[in-house]
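Protein chains: 2
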Amino acid sequence: MIFLSKKVPEVAARRLPRYYRYLGDLLQNGVTRISSAALSEKMKVTASQIRQDLNLFGGFGQRGYGYDVAELHKSIGEILGLNNHYTIVIIGGGNVGKAIANYAGFKKRGFDIIAVFDCNREIIGKDINGVSIYDIADLESFCEKNHPAIAAVAVPKSAALSLVGVMDRCGFKGIWNFSHAEIECSAPVESVHMSDSLMTLSYRIDNMDD
Amino acid sequence: MIFLSKKVPEVAARRLPRYYRYLGDLLQNGVTRISSAALSEKMKVTASQIRQDLNLFGGFGQRGYGYDVAELHKSIGEILGLNNHYTIVIIGGGNVGKAIANYAGFKKRGFDIIAVFDCNREIIGKDINGVSIYDIADLESFCEKNHPAIAAVAVPKSAALSLVGVMDRCGFKGIWNFSHAEIECSAPVESVHMSDSLMTLSYRIDNMDD
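The following block contains the structure:
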């Protein structure tokens, strides 16, 4: 049972997926408990930062014992809403759309990809990893019937911008944006800007000696 | 000419790619100058944050005039090291590798993709968007001759982990990691963890009313 006593700052919330991944790795390796010091060493985050973050969610650690890995993993999963089993439609059946549809890890984390939409007649009617590809023109009617929670946007920038109105009408709870467009929607938008991370890497290479 | 008078905090440095993208959009739309207030409105960052960030890099704004878009875009590009024309090899010719090789925007930003490596005999010898696919066994000898700056890692987690030793010997200046592995290397590593952003989106959907 989790009691959220305080409002969680966004920066702390953004660290949760990484905790979740690390704890999942530990579980897979048969680790049942871990101290904040050991978790700190593994994650390259200070132990006090870890304690502070996890305290925000009710404080799962016990002095002298550390954290129960399975319990903490489960609790963070709940906080992240992974129990909601959100459905996803992918908009765009190109390389990025295919990469998303083919990654088995999302299903494991409670996300179910139920359809891909594209405008390319050559792929409509086919499937990616067992998920059917539909005509993008049918997106709105599909959503009226099936109420998918999340749209993964994997089309070029101009196509993404032209679809904003339709996506708003589809009533998605969240937009997972891989396009190079800044999408403004009534739902929360999380963007994966590949080129931003490449530019950050470039900056870090250039400033290695700072 | 840019004079870096102060050490730039990492959080500020991480905002630079976004400034660079926005300013590029403005340039394309024929905007020649912009106030910090207008940039703030567009980027959903406070104007004082923008002034503070840009002051770190020498302060390009002029009171009552605002920022010269072309000059600021160029300067931020220099700060990001985009003038270095880094070469990239892609490790993994699957969907993610293809998506990277096919995105024209990287070339425009000074990154040159020179080779793809894979272990799949069926694709070795072919090409993606004009870039040849080589046998992963030849990665080290290729790097000895061509000294690529960056490795884009687009293989499954286990493959990525098994390649860490080879990658270290290849002398990359930076690792751009798309795998679900945490890669530890002597060079800086920038990771694009797709599933982390999906979990963050899930959290935000779940906490919309907070």
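The listed protein sequences correspond, in order, to chains A and B. The first sequence maps to residues 1 to 210 in my numbering. The second sequence maps to residues 1001 to 1210 in my numbering. The beta-carbon is built from N, C-alpha and C at its ideal position, and this holds for glycine as well.
Check, Outcome
"Interface residues of the segment 63-79 of chain A facing chain B [CB-CB below 8 Å]", "I79"
"Other residues of its chain near B/C1119: CB distance less than 6 Å, five sequence neighbours each side excluded", "I1136"
"Chain-order list of residues whose beta-carbon lies under 8 Å from that of A/Y22 (same chain, five-residue window excluded)", "L39, K42, M43"
"DSSP state of B/T1032 mapped onto helix, strand, coil", "coil"
"Sufficient close CB pairs (3 or more, under 8 Å) joining the segment 64-83 of chain A to the segment 1065-1072 of chain B", "no"
"Among A/G110, A/V131, A/V45, A/S75, the one whose alpha carbon lies nearest that of A/F117", "A/V131"
"Own chain partners of A/A152 with C-beta closer than 6 Å, once the 5 adjacent residues on each side are dropped", "I88, I90, I100, W176"
"Closer than 8 Å to chain A by CB, B/L1026", "no"
"Start-to-end residues for the beta strand (DSSP E) that takes in B/E1089", "Reading off the sequence, residue 1089 of chain B comes out as Val, not Glu. That run of the beta strand (DSSP E) goes 1087-1091."
"Interface partners of A/T32 on chain C, CB under 9 Å", "Absent from the structure is chain C; the protein chains it does hold are A and B."
"A/E190 versus A/A104 - alpha carbon distance", "20 Å"
"Of the residues A/A160, A/A159, A/M167, A/R51, the one placed nearest A/P148, counting alpha carbons only", "A/M167"
"Cβ-based burial, A/P17 [other Cβ within 10 Å; buried from 16]", "buried"
"Identified DSSP bridge partners for B/D1127", "B/S1132"
"Listed by chain order, chain A residues near B/I1150 by CB distance under 9 Å", "L198, L201, S202, I205"
"Residue nearest to A/G92 in terms of C-alpha spacing, selected from A/S48, A/I123, A/S186", "A/I123"
"Range of the contiguous alpha helix (DSSP H) that encloses A/V153", "Premise fails: A/V153 lies in the beta strand (DSSP E), 150-153, not in any alpha helix (DSSP H)."
"Residue-level contact to chain B via CB, A/R18, 8 Å cutoff", "yes"
"For B/L1080 and A/M199, the rounded distance between their alpha carbons", "6 Å"
"Straight-line gap, B/K1173 to A/S186 (C-alpha atoms, nearest Å)", "41 Å"
"Distance between B/V1031 and A/L82 (C-alpha atoms, nearest Å)", "43 Å"
"Contact check, A/Y19 vs A/G77, beta carbons under 8 Å", "no"
"Close-in-space but distant-in-sequence residues of the same chain around A/A47 (CB under 6 Å, 5 per side omitted)", "S36, A37, S40"
"Backbone secondary structure at B/T1200 - three-state DSSP", "helix"
"Exposure of B/A1013, with buried meaning 16 or more beta-carbon neighbours within 10 Å", "buried"
"Whole-angstrom distance between A/L54 and A/G66, CA atom to CA atom", "12 Å"
"Neighbour flag for B/H1147 against chain A, beta carbons, 8 Å", "no"
"Contact list for the segment 99-112 of chain A against chain B, Cβ threshold 9 Å", "A99, I100, A101, N102, Y103, G105, F106, R109, G110, F111"
"Buried/exposed call for A/D127, threshold 16 Cβ in 10 Å", "exposed"
"For A/H85 and A/N146, the rounded distance between their alpha carbons", "14 Å"
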